[in-house]
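Colleague: Here the protein sequences line up with chains A and B, keeping their order.
When we follow the working numbering, the leftmost residue of the first sequence carries the number 68, and every step to the right adds one.
When we follow the working numbering, the leftmost residue of the second sequence carries the number 42, and every step to the right adds one.
Don't be surprised by glycine CBs; every beta carbon is placed ideally from N, CA and C.
One structure is given below, represented as structure tokens, and several questions about it will come after.
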Amino acid sequence: MFNLMRNIRRQGFKSLLVCFIGILLTLFLSLYLGNIAASRKELNHLPEVLPVASHITNISGSKSVGLLIDGGLIEKIKATNMVNNLRYTVQLSANFAPETPEEELGYKYIAIMGVNDISAFSLLSAEDIEWADGVAEDFLSGRQAGVIVQENFLENNDLNIGDRVWLSLYSIDYGEKLNEIYYKKIDDIALEIVGSYALNVTQFGEFILPDMICPVGWVEETLQEYDKKFYADSASFVVSDPLKLNDFKAAMRSFGFQPVNAQADSYSLSGFGLLVNDETFVRSAGSLQKNLTMMTVFLPLILLLIVLVGYIASYLVMQSRRSEVAVMRSLGVSQSRCILSLSAENALLVLLGCLVGLAAAVSFTGIGLSGALVITAVFFVSYMLGVVAALLKLSRMPVMEVLTKSE
Amino acid sequence: MGLIEVKDVSYSYQGKYQTIEAVKNVTCSFDEGAFYAIVGHSGSGKTTLLSLLAGLDLPTSGEIYVDGSAMSALNRDRYRLKTASVVYQSFNLFPLLTALENVTYPMQLQGRSKAEAEAVAKQLIAEVGLGEKIWRRRPLMMSGGEQQRVAIARARAAGGKIMLADEPTGNLDAKNGNMITNQLKLLAHERGYAVIVVTHNEELAKQADAVYMMQDGQLTTLAKEGQHESDA
Ligand SMILES: Nc1ncnc2c1ncn2[C@@H]1O[C@H](COP(=O)(O)OP(=O)(O)O)[C@@H](O)[C@H]1O
Ligand SMILES: [Mg+2]
């Protein structure tokens, strides 16, 4: 080892060359591995950047509200843990109990919507709601017997926040062919008015704007209490792990959901269609995945390339030192010690180059300390593998022949 | 029994298409304190025999004993590090090291301190008749005679008692050749080395205590002038 630094210094240009090779290879490897890491990170963050939203429709995809979605399906979807932000609504109707006779319901109709979150009803946002003291947004995700009432309705019916309204509640049923609406009385029930809301629209297609909004959880509980079946009016959610989109779709298929088919009956109200807005995600994820696979497949080749460069570079550089190695062998330096001291020279130079290359790579890309360590280790091991192979080949020489050949 | 005993040694180069038997059934012995010359035509196997004596190769058959130990059982790197040194026709100094560094090299390999090695090296360089001026010179700045003398100093630095040389005067003029011859002879006679020199140099062969003739891989003893073959 005592000759190490001196040899490096005296090899001058060749030392610089080895160092430079170290810089180039490290830079190249940093960019390559950095690219893989970046793609992997991007792929992992893709679900946040491009969430895959999905909602239930009728079989033709023409309707996504006003559906009959079996409550059991909602429970099944919840149980899969494959979706986030599950939002669903229900529609009820009511009139003021008990004075209004049943046959007049058609025109003294109070539309009630059950939701599990403000966002389940696209026309409503948090600012539009005024809450009674002590009540907050999470009221809608609970099961409390209460409603928030549209401002105009409050005014027209002389009601105030904090009042209790006594309502005859009806669940909506659509008949066998799903083209007739029936109302089925649940009971007369008292509900507390816990807030009011303003709607900025008065008309929204054929959609009936709700006069009151209540927690869907309360509706579910109440229907169960009265032994009536729960049907949701709309349901939407976000796929929690879009990278496992196929698993999700398979699960949904097993529940009876089908991809929408525009040719199918567009009047159907039955909520068996599933619309998944995954095109952008699938396209982006697909190309990322393809790149990632390519780069990963080529990684061993890249490493092999580094081994090869290490081999060729040190073989060529050491070629001119063949007789020096022969003299060492002649003086009794063992082959392994020759290899050790010569690889130490190479190791030092190439590590120096590696550090310079890393410094450059760090300023180009955002590699952290652990990344730099990985690159150093991968590069160093690969390169030195080549060096040691070359030195093995070089030091296994006919010493006498090399030293007696007159130059 | 001699310091080196060569017993029925043969060596063949295994080529791709042919096998060359370079050394054939050689038996001989070399003593401490004696100066040997091996002569013979080019290609007769002299260098090959020397490389076997240096432990750079093992005989294809037969055995070489050094101080009673079989070469094939020795650590041959260690043998060259401690016991036997080789001097070459083309000097073979480390081109990037100074004369002093070249001579200290074997001692530093043996783990001696730099200061101690340098002190010994300076002594050895003085003993081959070179002055302080040479210490910091690299081989390129030395004459052939100087290089070969530094090479002899380096060969001695290891401290062994076997000195092998392959045409040590081959690249030198007569004056320098004679100087090298005399130094090798002194090593044998005054310092107790077994000195074995392969040579074409008749002057050198004349100075030797015993001369072997290599012919087509076979070794025969040549009678020295004024001696009878039976003396050998
Ligand atoms: N490395 C080698 N491979 C094959 N044949 C060799 C090799 N070295 C020497 N020889 C052959 O062995 C014989 C002896 O060579 P060598 O020992 O160099 O003779 P000398 O030193 O007397 O000139 C020659 O015929 C030579 O061609
Ligand atoms: Mg020869």
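(1) Measure the alpha-carbon distance for B/Tyr146 versus B/Arg119 and round it to whole angstroms.
(2) Using beta carbons (cut-off 8 Å, strictly below), is B/Asp190 in contact with chain A?
(3) Note the first and the last residue of the continuous alpha helix (DSSP H) segment covering B/Ile166.
(4) I need the DSSP call for A/Tyr450, collapsed to helix, strand or coil.
(5) Name the residues in the stretch 57-71 of chain B whose C-beta lies less than 7 Å from a C-beta of chain A; which are they?
(6) Do B/Gly201 and B/Ser126 come within 8 Å of each other at the CB atom, strictly closer than that value?
(7) Please check the pair A/Asn102 and A/Met362, which I expect to be a contact at CB under 8 Å, by giving their CB distance rounded to whole angstroms.
(8) Identify which residue in B/Ile203, B/Glu208, B/Asp207, B/Gly172 has its Cα closest to the Cα of B/Val191.
(9) Is the Cβ-Cβ distance between A/Ile196 and A/Tyr264 less than 8 Å?
(10) Should B/Gln59 be labelled buried (16 or more other beta-carbon atoms within 10 Å of its own) or exposed?
(11) Less than 8 Å between CB atoms is the rule here; does A/Ser437 satisfy it with respect to chain B?
(12) For A/Glu259 versus A/Gly201, is the C-beta spacing smaller than 8 Å?
(13) Counting contacts by CB-CB distance shorter than 8 Å, is B/Gln130 in contact with chain A?
(14) Thinking C-alpha only, which one of B/Tyr129, B/His230, B/Gly218 is nearest A/Val469?
(15) Could you check if B/Thr124 belongs to the surroundings of ligand 2, using beta carbon to heavy atom distance under 7 Å?
(16) Can the beta-carbon of B/Phe76 be found less than 8 Å from the beta-carbon of B/Ala246?
(17) From the DSSP output, which residues share a beta bridge with B/Phe33?
(18) Which residues neighbour ligand 1 when neighbourhood means a C-beta less than 5 Å away from any of its non-hydrogen atoms? List them by chain order.
(19) Compare the beta carbon distance of B/Glu244 and B/Asn219 with 8 Å and say whether it is the shorter of the two.
(20) Return no unless some Cβ of chain B is closer than 8 Å to the Cβ of A/Met464.
(21) Is it right to say A/Tyr249 is buried, meaning 16 or more other beta carbons lie within 10 angstroms of its own, or is it exposed?
(22) For B/Asn66 and A/Leu409, I'd like the C-alpha separation in whole angstroms.
(23) Say whether chain A places a C-beta atom closer than 8 Å to the C-beta of B/Thr88.
(24) Closer than 8 Å between beta carbons: that is the criterion. Which residues of the stretch 111-126 of chain B meet it against chain A?
(25) Going by the DSSP bridge assignment, what does B/Val127 pair with across the sheet?
(26) Is the CB of A/Thr471 under 8 Å away from at least one CB in chain B?
(27) Taking 8 Å as the CB-CB limit, is A/Val392 close to chain B?
(28) So, is the C-beta of A/Val441 closer than 8 Å to a C-beta in chain B?
(29) Are any of the Cβ atoms in chain B nearer than 8 Å to that of A/Ser39?
(30) Under 8 Å, Cβ to Cβ, is there at least one residue of chain B near A/Ser97?
Modeller: Walking through what the data contain:
(1) Within the second sequence, numbered from 1, the residue matching residue 146 of chain B stands at position 105. Within the second sequence, numbered from 1, the residue matching residue 119 of chain B stands at position 78. A straight-line Cα-Cα distance of about 15 Å links B/Tyr146 and B/Arg119.
(2) Here residue 190 of chain B is taken as the residue at index 149 of the second sequence, counted from 1. Before going further, note that residue 190 of chain B is Arg rather than Asp in the sequence given. Output row for B/Arg190: interface = no.
(3) The residue you call residue 166 of chain B lines up with position 125 of the second sequence. 155-168 is the span of the alpha helix (DSSP H), which, as asked, contains B/Ile166.
(4) For the purposes of this step, residue 450 of chain A is taken as residue 383 along the first sequence, with counting starting at 1. Assignment of A/Tyr450 by DSSP, reduced to helix, strand and coil, places it in the helix class.
(5) Answer in chain order: no residues at all.
(6) On the second sequence, residue 126 of chain B is found 85 positions in, with the first residue counted as 1. On the second sequence, residue 201 of chain B is found 160 positions in, with the first residue counted as 1. Cβ atoms of B/Ser126 and B/Gly201: closer than 8 Å.
(7) Locating residue 102 of chain A in the first sequence gives position 35, where the first residue counts as 1. Locating residue 362 of chain A in the first sequence gives position 295, where the first residue counts as 1. Correct: roughly 6 Å between the Cβ atoms.
(8) Taking the first residue of the second sequence as 1, we reach residue 191 of chain B at position 150. Nearest option by C-alpha distance: B/Gly172.
(9) Here residue 196 of chain A refers to the residue found at position 129 when the first sequence is read from its first residue. Here residue 264 of chain A refers to the residue found at position 197 when the first sequence is read from its first residue. Contact: yes.
(10) Numbered from 1 along the second sequence, position 18 holds the residue referred to as residue 59 of chain B. B/Gln59 comes out exposed.
(11) To locate residue 437 of chain A, count along the first sequence from 1; it is residue 370. No, because no Cβ of chain B sits closer than 8 Å to the Cβ of A/Ser437.
(12) Start at 1 with the first residue of the first sequence, and residue 259 of chain A comes out as number 192. Start at 1 with the first residue of the first sequence, and residue 201 of chain A comes out as number 134. A/Glu259 is not a Cβ neighbour of A/Gly201, given a cutoff of 8 Å.
(13) Along the second sequence, one-based indexing puts residue 130 of chain B at 89. By this cut-off, B/Gln130 is an interface position.
(14) Here residue 469 of chain A refers to the residue found at position 402 when the first sequence is read from its first residue. Just measuring C-alpha positions, the residue of B/Tyr129, B/His230, B/Gly218 sitting nearest A/Val469 is B/Tyr129.
(15) By 1-based counting over the second sequence, the position of residue 124 of chain B is 83. Because no heavy atom of ligand 2 lies under 7 Å away, the Cβ of B/Thr124 does not count as near it: no.
(16) Here the question's residue 76 of chain B lines up with position 35 in the second sequence. Here the question's residue 246 of chain B lines up with position 205 in the second sequence. Going by beta carbons, B/Phe76 and B/Ala246 fall outside the 8 Å limit.
(17) Because chain B is modelled from 42 through 273, residue 33 of chain B falls outside the range shown and cannot be assessed.
(18) Counting every residue whose Cβ lies closer than 5 Å to a heavy atom of ligand 1, we get A/Glu468, B/Tyr54, B/Ile61, B/Ala63, B/Ser83, B/Gly84, B/Ser85, B/Gly86, B/Lys87, B/Thr88, B/Thr89.
(19) Translated into the one-based positions of the second sequence, residue 244 of chain B becomes position 203. Translated into the one-based positions of the second sequence, residue 219 of chain B becomes position 178. Yes; because the gap between Cβ atoms is below 8 Å, this pair is in contact.
(20) For this step, residue 464 of chain A is matched to residue 397 along the first sequence. Nearest CB-CB separation between A/Met464 and chain B: not below the 8 Å threshold.
(21) For the purposes of this step, residue 249 of chain A is taken as residue 182 along the first sequence, with counting starting at 1. By the 10 Å Cβ count, A/Tyr249 comes out exposed.
(22) Taking the first residue of the second sequence as 1, we reach residue 66 of chain B at position 25. Taking the first residue of the first sequence as 1, we reach residue 409 of chain A at position 342. Approximately 39 Å between the Cα atoms of the pair.
(23) If you number the second sequence from 1, residue 88 of chain B lands on position 47. Using a CB distance cut-off of 8 Å, B/Thr88 counts as an interface residue toward chain A.
(24) Identification of residues in the stretch 111-126 of chain B having a C-beta nearer than 8 Å to some C-beta of chain A yields Asp118, Arg119, Tyr120, Arg121, Leu122, Lys123, Ser126, given in sequence order.
(25) Here the question's residue 127 of chain B lines up with position 86 in the second sequence. In DSSP, B/Val127 forms a bridge with B/Leu205.
(26) Along the first sequence, one-based indexing puts residue 471 of chain A at 404. It does: the Cβ of A/Thr471 has a partner Cβ on chain B nearer than 8 Å.
(27) Mapped onto the first sequence, residue 392 of chain A falls at position 325. So no, A/Val392 is outside the interface.
(28) As a working mapping, residue 441 of chain A is identified with position 374 in the first sequence. Taking Cβ atoms only, chain B never reaches closer than 8 Å to A/Val441, which makes this a no.
(29) Since the displayed chain A opens at 68 and closes at 474, residue 39 of chain A lies outside it and no answer follows.
(30) By 1-based counting over the first sequence, the position of residue 97 of chain A is 30. Answer no: the Cβ-Cβ gap between A/Ser97 and chain B never drops below 8 Å.
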